[in-house]
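Numbering (our numbering), first residue to last: 251 to 399.
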């Protein structure tokens, strides 16, 4: 049965407050717990990357921030923040990135990939998109310093 139909059904209107309460519990207790768990693992990882993509919801842009890192069991990814902002300028997006990095006390020098807006603040960072672009940019920018005979 569709969730919307289920919640709009007269027989189940008593359940709607319970679901709202459950959502509040998840947001206040479980989400911070799992975010802290991810950030603990990231602090032990040598390098990490942050990915984000904006999407429009009405007149507000939403930004999920995902972190990718290498753990003992392999590459892991996790959602560390979800921001809402109605501003679309590059400077506003830059401020959101810095806010997430500062709020979660991420070591910015361990970042391996993020947008070019950070290039002025950290010139050693390369912009990475999909894995093909990351490989291309790595070869393009690193082949001059690699010693090959």
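All C-beta atoms, glycine included, are put in the ideal place defined by N, C-alpha and C.
Quiz item: In terms of residue numbering, what span does the alpha helix (DSSP H) encompassing residue 344 cover?
Solution: 340–353
Quiz item: Whose C-beta lies closer than 7 Å to the C-beta of residue 336 among residues of the same chain, with five residues either side of it excluded?
Solution: 309, 310, 311
Practice problem: Could you check how far apart the C-beta atoms of residue 291 and residue 319 are, in whole angstroms? I think they sit under 8 Å. | Solution: 7 Å
Practice problem: Give every residue of the same chain whose Cβ lies closer than 6 Å to the Cβ of residue 331, excluding the five residues on either side of it in the sequence, and list them in chain order. | Solution: 315, 350
Quiz item: Who does residue 331 pair with in a DSSP beta bridge?
Solution: 315
Quiz item: Taking the continuous beta strand (DSSP E) assigned at residue 336, which residues delimit it?
Solution: It is not in any beta strand (DSSP E) - residue 336 carries neither H nor E in the DSSP assignment.
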